[in-house]
Structure formats: C-alpha cells, structure tokens
Amino acid sequence: MEQSKINRWVEVSFQRDLVHGDKNVEVPFGQRHRHRVTFSVRVNVHHADREIEYFALRKFCMQLWPGDTHQVGDASLETIAEDMLRKLVSEYPGRNWELRVLEDAENGAVIQYADSA
C-alpha cells in the first residue's frame with residue numbers, strides 16, 4: 032500500500048449549551064432559546080504517529096468555549112464555526128480543516144478550509 036495515497040485526519044468533538052435569539056422578537060424561532068451544540072473538528076495530519084495529539088487538540092478547542100453555557104446573540108452556526116476556524120488556523124497553520132456545528136445533534140453548519148502545505 033502506498034503511504035502517499037492515504038489521507039489522514041484526526042477528529043475531536045465536544046458539546047456546549049449556546050443561547051441565542053432576541054428576547055424582543057415576536058416569532059417563536061427568533062426568541063431567545065437554548066441548544067445543546069456539538070462541535071466536531073477534523074484536521075489533516077501527514078503521518079500516523081500522533082502528529083497532532085487528540086487530547087491536546089480537544090483541550091485547545093474546549094478552551095475556546097470555556098464553561099458550559101454561552102450567549103451568542105444572533106450569530107449563525109456558520110459564523111460560530113468561522114470564528115473558531117480562525118483560531119485553529121492560527122494555532123495549527125498549513126492544514127486542511129472541517130468543522131461541524133450541530134444544534135441538538137440534528138441540524139447545523141459544516142465549513143471546510145484548505146490550507147495544506
């Protein structure tokens with residue numbers, strides 16, 4: 032098997048409660064409410080020997096969202112993912128990324144970013 036033909040990724044996930052919406056909006060879906068949000072982060076690695084340690088990556092991601100509940104106003108899941116991506120790219124440059132941000136494990140956003148060396 033040719034090692035150069037293998038695409039390798041590591042993946043971590045964690046959950047947080049996000050509260051969003053505007054308490055002054057009349058429509059139910061726009062009013063302030065909470066979702067249990069699952070973050071899933073995938074990043075490419077170049078070999079199979081812990082190039083990026085799962086636990087270190089997960090810890091870094093979780094520190095971007097310390098605690099359990101966060102007020103995000105009217106931010107979309109795409110915006111939340113892009114903000115997180117900027118910090119990940121700064122910490123781990125020159126990589127390909129896929130981030131998933133799912134509300135209540137049902138619906139959400141997926142963004143991909145290609146910056147592999």
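When you read off a place in the sequence shown, starting at 1, and then add 31, the result is the number in my numbering. By construction, the Cβ of each residue, glycine as well, lies at the ideal position given by its N, Cα and C atoms. Predicted model only: the values in this text are computed from it and were never measured.
Item	Value
Whole-angstrom distance between R63 and Y85, CA atom to CA atom	34 Å
Distance CB(D22)-CB(R73) smaller than 8 Å	Residue 22 cannot be examined here, being either before or after the span of the chain that is shown, 32 to 148.
Pairwise C-alpha distance: T69 and G52	18 Å
Check whether R131 and D146 have beta carbons under 8 Å apart	no
Straight-line Cα distance separating M115 from M32	36 Å
Cβ shell of A140 (< 6 Å), same chain only, five flanking positions each side left out	L108, E109, A112, V132
Three-state class that DSSP yields for Q62 in the structure shown	coil
Identity of the residues DSSP links to N127 by a beta bridge	A145
Simplified DSSP assignment, three categories, for R81	coil
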